[in-house]
Each structure stands twice: as structure tokens, then as C-alpha cells.
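Colleague:
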Amino acid sequence: MPKLTIEDLEKLRERAKKQTFLREATDYRAKITVHMGTCGIAAGAREIMNAFLKELQERDITDVLLTNSGCAGLCSREPMATIEIKGQAPVKYVDLTPEKVKEIFEKHVLGGEIVKNYALGIGSEKTDY
Amino acid sequence: MEDLSLHILDVAENSLAAKATRVVIRLEEDTQANTLRLTIEDNGQGMDKETLKKAVDPFFTTKQTRRVGLGLSLLAQAAHETGGQFFIESKPGWGTKVVAIFKTDHWDLKPLGDIGQTMLTLILGHPEVEIVFILRRDDKESIFSTEEVKSKLNGLPLNSPRAIPLIMNHINKVMNL
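Taken in order, these protein sequences are the chains called B and P.
Quick note on our numbering: the first sequence kicks off at 6 and runs consecutively.
Quick note on our numbering: the second sequence kicks off at 590 and runs consecutively.
(1) Would you tell me roughly how many angstroms separate the C-alpha atoms of LEU27/B and THR624/P, rounded to the nearest one?
(2) Strictly under 9 Å for the Cβ-Cβ distance: is SER604/P near chain B by that measure?
(3) The beta strand (DSSP E) with PHE722/P in it runs from where to where?
(4) Closer than 8 Å between beta carbons: that is the criterion. Which residues of the region 59-74 of chain B meet it against chain P?
(5) Within 9 Å of any Cβ in chain D, is that where the Cβ of THR710/P sits?
(6) For the region 631-717 of chain P, which segments carrying the alpha helix (DSSP H) assignment without a break, of at least 4 residues, lie completely within its bounds, in sequence order?
(7) Taking the alpha carbon of SER740/P as the reference point, which residue from THR693/P, MET708/P, GLU719/P has its own alpha carbon closest?
(8) To the nearest angstrom, how far is the alpha carbon of ALA86/B from that of GLY684/P?
(9) Spell out the partners DSSP gives ASN73/B in its beta bridges.
(10) Quick one: list the residues of chain P neighbouring ILE46/B, beta-carbon separation under 8 Å, in chain order.
(11) Pull up the DSSP beta-bridge partners for TYR98/B, would you.
(12) Can you tell me which of GLU591/P, LYS652/P, LEU593/P, GLN634/P puts its alpha carbon nearest to the alpha carbon of GLU678/P?
(13) For chain P, find out if any of its Cβ atoms is closer than 9 Å to the Cβ of THR2/B; answer yes or no.
(14) Just mark LEU9/B as buried or exposed, buried being the case when its beta carbon has 16 or more other beta carbons within 10 Å.
(15) Taking ARG615/P as part of the beta strand (DSSP E), name the residues at either end of that continuous run.
(16) Would ASP631/P be called buried (16 or more neighbouring beta carbons within 10 Å of its own) or exposed?
(17) Using only the alpha-carbon positions, how far apart do VAL39/B and MET757/P sit?
(18) Hey, how far is the Cα of ILE704/P from the Cα of ASP592/P?
(19) Please decide whether ILE753/P counts as near chain B, where near means a Cβ-Cβ distance under 9 Å.
(20) Looking at the structure shown, is ASN765/P part of a helix, part of a strand, or coil, going by DSSP?
(21) Express the C-alpha separation of SER662/P and GLU639/P in angstroms, rounding to a whole number.
(22) Kindly say whether THR651/P, judged by its beta-carbon, lies nearer than 9 Å to any beta-carbon of chain B.
(23) Would you report the Cα separation of GLU89/B and GLY126/B, rounded to the nearest angstrom?
(24) Is it buried or exposed for HIS551/P, if we count other Cβ within 10 angstroms and need 16 for buried?
(25) Is the shortest distance between the beta-carbon of PRO750/P and the beta-carbons of chain B less than 9 Å?
(26) Please classify ARG51/B as buried or exposed, where buried requires at least 16 other C-beta atoms within 10 Å of its C-beta.
(27) Taking the alpha-carbon positions, what's the ASP694/P to ARG725/P distance?
(28) Rounded to a whole number of angstroms, what is the C-alpha to C-alpha distance between ILE712/P and PRO7/B?
(29) For GLU730/P, name the three-state secondary structure that DSSP assigns.
(30) Measure the beta-carbon distance from GLY75/B to MET41/B and round it to whole angstroms, keeping in mind my assumption that it falls under 8 Å.
Put into C-alpha cells, the structure is as follows:
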């Protein structure tokens, strides 16, 4: 048998990765939903979807699901996206731009840290009990 | 909406919300008659007569999240602004067909925009749905279909990152008619 070259190893790696992906396809570690109602689309939701996609592709990430849904009822704050890290509560981000997407992706999707500045709301009111 | 590709995305999202399993989008340009005909046809749940009557009314929506429904009314307006026409056919259980005809020699015709991004967004959001896009200019025609892309993916899902370059490649070929 001839010696394995680096290229051969690359091919093997690619093949193995493909199979791993198939196995993991139903086991995502995070889900990104871009809201794609009329309001969202008019405000630039497709560009936001594209920005998330770019992050996934550039980093070769296959265990994060990118999808879209309809209007979330807050048309004036579009474009919006919801990030759900497995096992955690979903977080809605509002007034998105491709720059914000990059930051959210790095900090929240990859780092697990919510980007509070862009999130729709975070409880601030205190109750007496 | 800035361009026609965004209108297409918006109206096709309606089809998917109506539980369609197949959506066919056609763009047919007649360079003699100076018309561009957009047809979006689905096999979703369809609308009854009462709903259909109100479908282009901007203050009507079936959605629970808000009280206005601008998608179809904006598309109708975009067509009418060019001196074109707009109509919908729909029956419960049969599906819905939306047709918008634009006059291509009118100042107010919106640019086509990025059809590839629209298709990709639809596919990523609904990889289980069969989506067909047909582009026709006079007697030349080219077709994109998710079924065809799927057959080349060896079981890999349509929304997997590795499928995306293939989808874009197909779409770009179709758009280069």
C-alpha cells in the first residue's frame, strides 16, 4: 500500500467529519431563529440571516442550527433574532445589524455570554418579598 | 420592500406558514410586451372566499402577533405602481396562487434584487419543503429545484453548511439565463 499523503489524510478527515455531522445533525448545541415576517424582511432580516450564515461558514460550525420564523409581534424592533443555547432560556435580540450579529455570535453563541446591550430586555425591577 | 426578491421572500413565507409542502415561484419576462410576471403557487391550506376577499386589505391579517397584514398589499401596490396587475386564486385544501404583473418599461419598477439570497433564506428556514424557482425570458427557461439539489447531497440535509455552496451554485446558474 502506498504511503498516505497529507492530502489523503485531509480527505479522510473530511469524510469522517461528514459522518460526524450526519450523526450530530439532530443534536444541535444552539439554535438561531431570524424573524422573517413582512416587518422583519422590510427591516433587513435577510441580511441578518446572511450575517449569521457567514459566521457559521467562516468558522466551519455544523452543530448550530440556523432557521427562520414569522413575525414575533414587535415590528418596530426588527430585525430580530432569537438565540437558544441548549438547556437555557431563549434570548431575543432586537434592532440588529450585521455588526451586532458578529458580536452576538462570538459572545453568546460561542461564548455563552448574553450580550445584554442588544437583548430585548433583562429583568431590572426588584420585588419586595 | 426595496426590491422584488424581498417581496418574493415575504409572500413565499406566507405559503410556508400555510403549511405548504411545495412552493413554485415563477418569474417570466416578455421582452416584446414589456411585462414581468411573478407567480407564487403553493399547495398550502388555501383561503376561503371571505378570507380571500380581505387578503390584500392591509388592515386584515390572520396572524395573532399583530393587527396589520402588509405583505400581499405591498406586493399588489408594487405591481399597480408600474401599471401592472395583481390577483390571487385560492381554495381551501387546494392552495394559493399569487400573480403580480409588472410593466418593465415603467419608472417605478423595483429592481429584482438578490434572488439567490431569497431562495437560500427560504431553504434554510424550511429544508423539508420542496421549493422550485423557474426563470423564463421569452422562450428561454431555466429551473432550480430543491429536489434536484437534494439528489446530489447523498442524504445530507439541505440546511447543512456544506449544502449551501451547492445551492448558491445552482441558483447562480439559473439566474444567468
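Even for Gly, the Cβ is constructed at its ideal location relative to N, Cα and C.
This structure is a prediction, so every number in the text was calculated from the model and none was measured.
Modeller: With the structure as the only source:
(1) Bear in mind that the predicted position of LEU27/B carries a pLDDT of just 47, short of 50, making it too unreliable to give a figure here.
(2) no
(3) 719-726
(4) LEU61, GLN62, ASP65, ILE66, THR67, LEU70, LEU71, THR72, ASN73, SER74
(5) This model lacks chain D altogether; the protein chains it does include are B and P.
(6) 638-643, 660-669, 704-714
(7) GLU719/P
(8) 29 Å
(9) VAL39/B
(10) MET590, LEU595, LEU598, ASP599, GLU602
(11) ALA86/B, ALA124/B
(12) GLN634/P
(13) The requested residue 2/B is not part of the displayed model; chain B covers only 6 to 134.
(14) exposed
(15) 611-619
(16) buried
(17) 20 Å
(18) 10 Å
(19) yes
(20) coil
(21) 16 Å
(22) no
(23) 15 Å
(24) With chain P represented from 590 up to 766, any question about residue 551/P goes unanswered, as that position is not in the structure.
(25) yes
(26) buried
(27) 18 Å
(28) 43 Å
(29) strand
(30) 7 Å
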